[in-house]
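Okay, so here's the structure we're looking at.
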Amino acid sequence: MAQISVEQEPVPKRKKESLLLRFAKQWDIQLMVLPALALVFVFSYIPMYGILMAFQDFNIFKGMGDSPWAGFKHFEMFFESPEFMTVMRNTIVISLLKFLIGFPAPILLALMLNEVRHMFFKRLVQTVSYLPHFLSWVIVSGFAISLLSTDNGSVNILLQKLNLIEEPINFLSLPEYFWGILVTTGVWKEIGFSSIVYLAAVAGVDPHMYEAADMDGASKFRQIFTITLPSIMPVVVIFMILAIGNLLTAGFEDILLLAKNPVLREVSDVIDTYVYRIGIENSRFSYATAVGLFKAVISVMLLTIANLIARKSGNSLW
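Residue numbers (the UniProt record's numbering): 1 to 318.
Okay, structure coming up:
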């Protein structure tokens with residue numbers, strides 16, 4: 001039999017719209033984005049000009065234009081300073097503690113709230129856990145100082161009632177307790193608000209998967225590990241990448257307010273508080289800028305490495 005060939009008409013190629021034309025079609029949406037872009041440009045990009053101070057012997061009266069160049073002098077001073085090892089140790093240890101304890105805590109809270117069937121109790125727990133996020137660190141630190149006070153502090157009173165201690169302990173004057181207090185207050189403040197994203201991700205899981213697992217006799221714990229966690233893993237990976245990029249951001253306000261006692265400086269001095277003390281209090285602007293730039297470069301490197309590793313799993317920021 002002779003084969004009949006049917007000639008297909010060529011599909012006309014769609015013309016690519018110009019960027020200006022697409023912008024014109026979405027003018028209302030683009031207009032909503034402009035204030036955010038302007039905010040980022042003004043407060044994040046324009047101040048980057050000040051990075052030049054790290055390579056100068058900056059003089060506030062001469063300005064950046066007439067201040068003499070110093071090269072990498074201030075970076076070398078930081079690496080050779082006696083505080084370098086202490087500051088880096090405290091920054092890394094506090095950051096790792098906050099990451100290892102503070103990162104999984106909101107995920108666990110979201111998983112537990114997802115299993116609560118009593119809606120009133122669920123909403124009550126959500127509301128109570130969200131509230132601390134909206135309190136400033138001034139209030140939270142004052143609350144923590146009052147709880148741990150040797151004069152009528154609730155923690156000391158409780159420990160004495162349980163016969164665990166004989167005399168009140170001044171927790172905020174003893175270095176061995178500081179890291180635990182800092183991490184605990186940070187988790188208490190942010191756990192509820194940070195769990196919102198994970199609760200939204202859990203709510204998006206297909207309920208038919210849970211029904212099929214119930215029919216197969218899978219327990220709740222089994223469903224969490226085989227359905228819930230794998231389903232929200234893309235969200236977890238993205239937030240983990242961002243958390244790794246901020247590993248050198250051990251904190252500032254919480255440490256500054258909770259570590260008022262100079263005795264705690266050996267365990268509380270991190271890069272951010274060190275930059276504040278050296279740059280603002282001692283007016284060594286070039287040196288403080290060099291330390292801050294060092295932290296920023298390391299953070300970008302950590303973020304890039306974490307993203308490259310996460311890309312192998314198919315979940316990455318870029």
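In this text, a Cβ means the ideal position worked out from N, Cα and C, and glycines have one as well. Quick caveat, the model's predicted, so the values are computed rather than measured.
Check	Outcome
Taking all protein chains shown into account, do 16 or more other C-beta atoms lie within 10 angstroms of the C-beta of P106, making it buried, or fewer, making it exposed?	buried
Report the rounded CA-to-CA distance for V93 versus P82, giving the unit in angstroms.	18 angstroms
Can you say whether residue 323 is buried or exposed, counting buried as having 16 or more other CB atoms within 10 angstroms of its CB?	In the structure displayed, the chain extends from 1 to 318; residue 323 sits before or after that span and is not available.
What does the alpha-carbon distance come out to for the pair D151 and I157?	9 angstroms
Would you mind working out which of L302, T304, E253 and Y274 sits nearest A290, comparing C-alpha positions?	Y274
Please report how far the alpha carbon of A38 lies from the alpha carbon of N307, in whole angstroms.	27 angstroms
Of the choices G186, M301, I271 and H118, whose alpha-carbon is the least far from that of L100?	G186
Who are the near neighbours of N59 in its chain, counting only those whose CB is closer than 7 angstroms to its CB and skipping five residues on each side?	S67
Give me the Cα-Cα distance between K98 and A243, rounded to the nearest whole angstrom.	10 angstroms
Could you spell out where the alpha helix (DSSP H) holding Q160 opens and where it closes?	S154 to K161
For a test of the three-state rule: what should DSSP assign to Q56, helix, strand or coil?	strand
Taking the straight line between their C-alpha atoms, what separation do you get for R265 and G180?	15 angstroms
Between the C-alpha atoms of N315 and I232, what's the straight-line distance to the nearest angstrom?	11 angstroms
Would you tell me roughly how many angstroms separate the C-alpha atoms of I214 and D206, rounded to the nearest one?	The amino acid occupying residue 214 in the given sequence is Asp; Ile does not appear at that position. Those two C-alpha atoms are separated by around 14 angstroms.
Whose C-alpha, out of V183, L52 and P47, is nearest the C-alpha of G251?	V183
Quick check: the Cα distance between K122 and L229, rounded to an integer number of angstroms?	20 angstroms
How many Å lie between S18 and Q26 at the Cα?	13 angstroms
Classify M53: buried if its beta carbon has 16 or more other beta carbons within 10 angstroms, exposed otherwise.	buried
Just to confirm, is the Cβ distance from N90 to D269 under 8 angstroms?	yes
Would you tell me roughly how many angstroms separate the C-alpha atoms of G217 and Y198, rounded to the nearest one?	26 angstroms
Between G192, F143 and F61, which has its C-alpha nearest L124's C-alpha?	G192
Going by C-alpha distance, which of V138, F61 and L302 is nearest E253?	V138
For A2, which three-state DSSP category applies?	Confidence in A2 is poor, its pLDDT being 46 and thus under 50, which makes the residue's placement unreliable; the coordinate value appears in the next sentence. Coil.
DSSP three-state call for W69: helix, strand or coil?	strand
Is the CB-CB distance between F171 and L148 below 8 angstroms?	yes
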